[in-house]
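Read the structure below first, then the notes.
This is the structure:
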């Protein structure tokens, strides 16, 4: 099926005079029908002027590529944010664990200090040894017996 001048113009999004000028300059070959109107082969027309659907598809693809790039950047940013949030949660857990460990160590130190203080009294008592001498006890027992 061949295009008329009007159909060729609407298929390419060009003005009818632009198509007609291209035919007169020899850029597009076309024949005249019985009624004097141009008959333009679609392949001949689209060799010079791309169809509007091709332009629309190309624009759509470019738009999709730009949107895909934007989405990819956005997805990459979101992935990085999630990764950083996980790292932050791990750091908080570690900080909480270290805080608990610090509290436990402080309790242990306090307990050890109390034990040391009570041990000092016992050590002092052992070193001073206020018990009577063995010889004295044996003499005392011998006198009674």
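In the working numbering, the protein residues as written are 1 to 145. A virtual CB, placed ideally from N, CA and C, is assigned to each residue, including glycine.
query	result
C-alpha distance - residue 33 paired with residue 17, whole-angstrom precision	18 Å
Separation of residue 76 from residue 30, as counted between CA atoms	53 Å
Check whether residue 19 and residue 8 have beta carbons under 7 Å apart	yes
Same chain, Cβ closer than 6 Å to residue 57, neighbours up to 5 away in sequence not counted	Because the pLDDT of residue 57 is 49, which lies under 50, any placement of that residue in the model is unreliable, and the question is left without a value.
Selected residue, minimal CA-CA separation from residue 13, among 50, 40 and 42	50
Enclosing alpha helix (DSSP H) for residue 23 [first to last residue]	16–24
Minimum C-alpha distance to residue 226 - residue among 43, 100, 47 and 98	Residue 226 lies beyond the residue range present for the chain, which begins at 1 and ends at 145; the question has no answer from this structure.
Own chain partners of residue 15 with C-beta closer than 8 Å, once the 5 adjacent residues on each side are dropped	9
For residue 52 and residue 25, the rounded distance between their alpha carbons	22 Å
Residue 109 in three-state terms, based on DSSP	helix
Beta-carbon contacts of residue 37 that lie in its chain and below 6 Å, excluding the five residues immediately before and after	4
Residue(s) in a DSSP beta bridge with residue 30	40
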